[in-house]
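Here is the structure we will look at, set down as C-alpha cells.
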Amino acid sequence: MCTFIYEIAALSKKYSKAVNSHLSRKEKISMNFINTVKRNFKKERSLQHYAAELAITAKYLTETVKEITGKSAGEVIDSFVIQEARMLLDNASFSIAEIADELNFSDQSFFGKFFKRHTGVSPKEYRNSFNNLP
Numbered sequence: 000m001c002t003f004i005y006e007i008a009a010l011s012k013k014y015s016k017a018v019n020s021h022l023s024r025k026e027k028i029s030m031n032f033i034n035t036v037k038r039n040f041k042k043e044r045s046l047q048h049y050a051a052e053l054a055i056t057a058k059y060l061t062e063t064v065k066e067i068t069g070k071s072a073g074e075v076i077d078s079f080v081i082q083e084a085r086m087l088l089d090n091a092s093f094s095i096a097e098i099a100d101e102l103n104f105s106d107q108s109f110f111g112k113f114f115k116r117h118t119g120v121s122p123k124e125y126r127n128s129f130n131n132l133p
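Heads up: the sequence shown begins at 0 in numbering that gives the first Met the number 0, then just goes up one per residue.
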C-alpha cells in the first residue's frame, strides 16, 4: 500500500508543475502551505511557523487556506498529525509514548488529550479497537 501511495505522489509531482501555472495566488499559497505541512508536521504544529515560512501573516494564511480548502490552516495541520498518529497506533510495535515523541508532543498525556479531542477516543482505546477488528 505504501509503495502505491509513493507512486501516486511521484506522479502528482510530475504533473502538478504544468497545472501550477494556472493557479491563483491564493491557490498557490494553499498548495505551498500543504506541501510545507507534509514535510514538517512531525516537528512543527505552529501556525506562526508556517506563515513565517511562506512570508505571510498567520491571519492571511488561515483566511486563504479556509477559502480554498474549506478548512482552517490549524485544522489542516491537525489532520496531518492525526492521520500519522492513527497510522502509528495501528502498528503495535510502537508504544504510545514513542508515538507522542515521534510526533513532537511534550509528553504522552498531552498527545492523548490532543488525540481524544480530535477523534473522540483515547490512543489506547483507538489501538484496542483496531486490534479487535476481524
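Every residue, glycine too, gets a C-beta built ideally from N, C-alpha and C.
Please read all numbers here as calculations on a predicted model, not as lab measurements.
Q) If you scan the stretch 81-132 from start to end, which runs of the beta strand (DSSP E) of 3 or more residues do you find wholly inside it? A) Entirely contained in the stretch 81-132, not one beta strand (DSSP E) run reaches 3 residues.
Q: Name the two residues that bound the continuous alpha helix (DSSP H) containing I33.
A: That run of the alpha helix (DSSP H) goes 24-39.
Q.
Buried or exposed for R44, going by 16 or more other Cβ atoms inside 10 Å?
A. When all chains shown are included, R44 counts as buried.
Q.
Here's the rule I'm using: 16 or more other beta-carbon atoms within 10 Å means buried, otherwise exposed. How should T2 be labelled?
A. For T2, the number of other beta carbons within 10 angstroms of its own is below 16, and it is reported as exposed.
Q) For the alpha helix (DSSP H) that contains T63, what are its first and last residues? A) That run of the alpha helix (DSSP H) goes 57-68.
Q: Evaluate contact between the stretch 30-46 and the stretch 59-77, counting only Cβ atoms and requiring at least three cross-stretch pairs below 8 Å.
A: Here the stretch 30-46 makes contact with the stretch 59-77; the two share three or more CB pairs at distances below 8 Å.
Q.
Check this for me: beta carbons of H117 and I81, under 8 Å apart or not?
A. Pairing H117 with I81 gives a Cβ-Cβ distance under 8 Å.
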